[in-house]
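In what follows, a single structure is set out as structure tokens and then discussed.
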Amino acid sequence: MQEMACALPAIGDESRDLFALAKLDHVRHVADRGRLFPSRVGNAMAVGRWRGWGVEIAAVLVSVVALGVSGFASLRQLRLTEHANTLPVLVDLFREHRSIQLARARQVVYEQLPSCDLSAGLEGLPESERDLVRELAWFYDNLGALVAHGVVDIEPVSGYLGGSVISVWERMEPLVQAERAKRASNHLPDPNRWQEYFENLYHLVRETPAEQARAQTQLWRLSS
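For the sequence shown, the tail end lands on 224 under the numbering used here, and the numbers increase by one without skipping.
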């Protein structure tokens, strides 16, 4: 019995040695697999990085698209607001242009102005016609100021009454030049300012003739 008891520890030691050897073999096997297949680990890491970048790029694209849509909507809303503010102004201007008083003034310019002494400016006109011509000139001057400063667009103005702007200015230009000369001789400040917006409106209408202004609109169907 004593001999058997002495032999048992030897058997336990041998078992521990075998277990340690098996564990060491397993560690070596795992290490060998890492050395034999390093690309698998690298590929997995690369795939993970690409997935992360893809998510970030997609988020950036979504943000850019959302910003573009928001900007377009804001611009459209701004344009609609501008049209809403401009519409009453245009309606009033067109109504005034059709009024009996300005229609009479245009008739005076077309029919009577050529026979008047325009070198004297407004003083060369009969008193009854003088006020009409002055009112007509101021109407176009005020309209020119609104166009020059972007309150109203040139296209509807030229399309609707551009012909009148051209014909009236060409008949009134000698009178305007004479009136400016009189103001300069009287040492009035900035004499050329008189009807300057009207003159500028004439050139703007020349650049965008009535026929062109109408043809450029999407809803114009008549040929020139």
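Heads up, the beta-carbon is just placed ideally off N, CA and C, and yes, glycines get one too.
The model shown is predicted, which means the values in this text are computed figures rather than measured ones.
Look at W220 here: in three-state DSSP terms it is coil, with no helix or strand label.
DSSP places V151 in no alpha helix (DSSP H); its state is neither H nor E. Proximity to D141 across P174, W220, A103, Q195 peaks at Q195, based on C-alpha coordinates.
About 6 Å separates the beta carbon of V133 from that of A105, a gap short enough to meet the 8 Å contact definition.
Under the three-pair Cβ rule at 8 Å, the region 207-214 counts as touching the region 148-164. Cβ-Cβ distances below 8 Å link T217 to E155, G159 in the same chain, with the five nearest sequence neighbours on each side left out; the list follows chain order.
About 11 Å separates the beta carbon of M172 from that of V108, a gap too long to meet the 8 Å contact definition.
If the five residues before and after R183 are omitted, its C-beta is found closer than 7 Å to the C-beta atoms of P191, W194, all from its own chain and listed in chain order.
Per DSSP, the continuous alpha helix (DSSP H) segment holding Q101 begins and ends at 100-111. Inclusion of G144 and N200 in the CB contact set at 7 Å is warranted, their separation being smaller than that value. In this structure, E135 and L102 form a Cβ contact; the two beta carbons are roughly 7 Å apart against a cut-off of 8 Å.
Cβ-Cβ separation between E170 and L122: approximately 18 Å, too far for a contact (criterion under 8 Å).
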